[in-house]
């Protein structure tokens, strides 16, 4: 989006068009664009409105119904915090007693919306003028929020009366590649972390691939997953981390949330048991697989692999449980025979610690039955093995 397109969208005709468009359908976008232009609408407005319609449809995954009244850029939507996660961020500041939070890199305003919705005062800044303008639109219903086109790092936090700081540095390079090195963030992570000397209540959203070595000793580092998708890590300082520093994992599945806290106990490796537990990705990123093993009274399949096995079925929100039906050394003929004997035609393939490509294996197996099965390709005590499993509830 450019400033001219934004101006067109914010005009009375543009906003009315956005509100009148039907739910986005890629197949109908081109015919609709042609029809609207024939009706005399500015082609730039039509293109901008249809782009926003598409982004709003995508944005519902993060913002639910709120997306229908928001404006987006592709990059802004990609980096935006999901509303459910943003609400958890906001509650940290609320619980810490913060009254005015500076969102130094507000983007399209997702986190600022969540904070303002809880009644927190928000000073939202973005160094990009167009992005700040979009955030202003998205925060229009929240009098608690002020948006400023500014470099948030240049704010005089004391003069502004700020008692909480949040930052979500951009994690893409100029070439569009994902930046895993915190020094390559924009702004660099160390510049943001320096602010905790002035405002102890500092929170920073970082990429989930952040190395543990890059996490400051005084931070609570929390990895977050939503329905199996690891969406972020956050660094929380001072009163925003009331339980003190350490590594934690927040696993959200539907309406249920599970928090695991380190340090993880040591877990030995041992033989395959009755059940297999697949730890959630946030648990793995946080280095808390040993905690899952302790919860389920289990052990690792292999010292280097994040699978846990146990003879007990234990309810845990931090892992998915499977019943082990069979186990065998990996071999194409042996596996094909075992699956054909079971009449398997639809196969779910999970893997960890093996170079096997699931789609290639699926073609080589050439299964034709009507049944379903799940196999796990992994190492057990250093040996390549196949586990035939079935999901099992732990409610």
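Numbering (full-length UniProt numbering), first residue to last: 1 to 395.
Glycine included, C-beta positions come from ideal geometry on N, C-alpha and C.
Membership of residue 89 in the alpha helix (DSSP H) is indicated by the continuous run 83-95. Residue 352 holds the alpha-carbon nearest to the alpha-carbon of residue 379 among 107, 365 and 352. Runs of the beta strand (DSSP E) lying entirely within the region 281-353, each at least 3 residues long, are 308-310, 319-329 and 344-351 in chain order.
Spanning the alpha carbons of residue 241 and residue 219 requires a straight line of approximately 8 Å.
Distance from the Cα of residue 207 is smallest, within the candidate group 285, 47 and 381, for 285. Cβ-Cβ distances below 8 Å link residue 107 to 76, 79, 80, 126, 131, 135 and 168 in the same chain, with the five nearest sequence neighbours on each side left out; the list follows chain order.
DSSP lists 234 as the beta-bridge partner residues of residue 205. Pairing residue 388 with residue 223, the inter-Cα distance amounts to about 30 Å. In the DSSP annotation of this structure, residue 273 is not part of any beta strand (DSSP E), being labelled neither H nor E.
In the same chain as residue 215, and ignoring 5 residues on each side of it, the C-beta atoms closer than 8 Å to its own belong to 221, 235 and 247, in chain order. For the set 393, 349, 348 and 342, the Cα lying nearest the Cα of residue 371 is the one of 342. A contact is defined here as three or more CB-CB pairs under 8 Å, and the region 37-50 fails this definition with respect to the region 65-74. Counting only the Cα atoms, residue 356 lies some 10 Å from residue 349. By the criterion of a C-beta distance shorter than 8 Å, residue 26 is surrounded in its chain by 54, once the five residues flanking it on both sides are discounted. In the same chain as residue 293, and ignoring 5 residues on each side of it, the C-beta atoms closer than 7 Å to its own belong to 267, 299, 300 and 308, in chain order. Spanning the alpha carbons of residue 102 and residue 364 requires a straight line of approximately 56 Å.
Beta-bridge partners of residue 125 (DSSP): 148. Within the same chain, and ignoring the five residues on either side of residue 251 in sequence, the residues whose Cβ sits closer than 6 Å to its Cβ are 225, 258, 280, 282, 317 and 318.
Of the candidates 249, 260, 381 and 48, the residue whose Cα lies closest to the Cα of residue 232 is 249. In this structure, residue 329 sits near residue 386, with a CB-CB distance shorter than 9 Å. In the three-state reduction of the DSSP assignment, residue 72 falls in the coil class.
Around the beta carbon of residue 112, a 10 Å sphere encloses 16 or more other beta carbons of the protein chains shown; the residue is thus reported as buried.
Inclusion of residue 260 and residue 322 in the CB contact set at 9 Å is not warranted, their separation being larger than that value. For residue 381, the three-state secondary structure derived from DSSP is coil. A direct Cα-to-Cα measurement between residue 333 and residue 339 gives close to 10 Å. DSSP places residue 361 in no beta strand (DSSP E) but in the uninterrupted alpha helix (DSSP H) bounded by 358-365. Contact between residue 116 and residue 139 holds: their C-beta atoms lie close to 7 Å from each other, under 8 Å.
Your pair residue 46 and residue 33 checks out as a contact, with CB atoms roughly 5 Å apart and the cut at 8 Å. Just measuring C-alpha positions, the residue of 146, 190, 119 and 312 sitting nearest residue 87 is 119. In this structure, residue 100 and residue 121 form a Cβ contact; the two beta carbons are roughly 4 Å apart against a cut-off of 8 Å. In the structure shown, the three-state DSSP call for residue 166 is strand. Put simply, of 187, 182 and 193 the residue whose alpha carbon is nearest the alpha carbon of residue 211 is 182. The Cβ-Cβ distance between residue 312 and residue 296 falls below 9 Å.
The C-beta of residue 310 has 16 or more other C-beta atoms within 10 Å across all chains shown, which makes the residue buried. Look at the region 29-81 and you find these whole runs of alpha helix (DSSP H), each 4 residues long or longer: 43-63 and 74-79. A distance below 7 Å between beta-carbons, with the five flanking residues on each side excluded, links residue 133 to the following residues of its chain, in chain order: 6.
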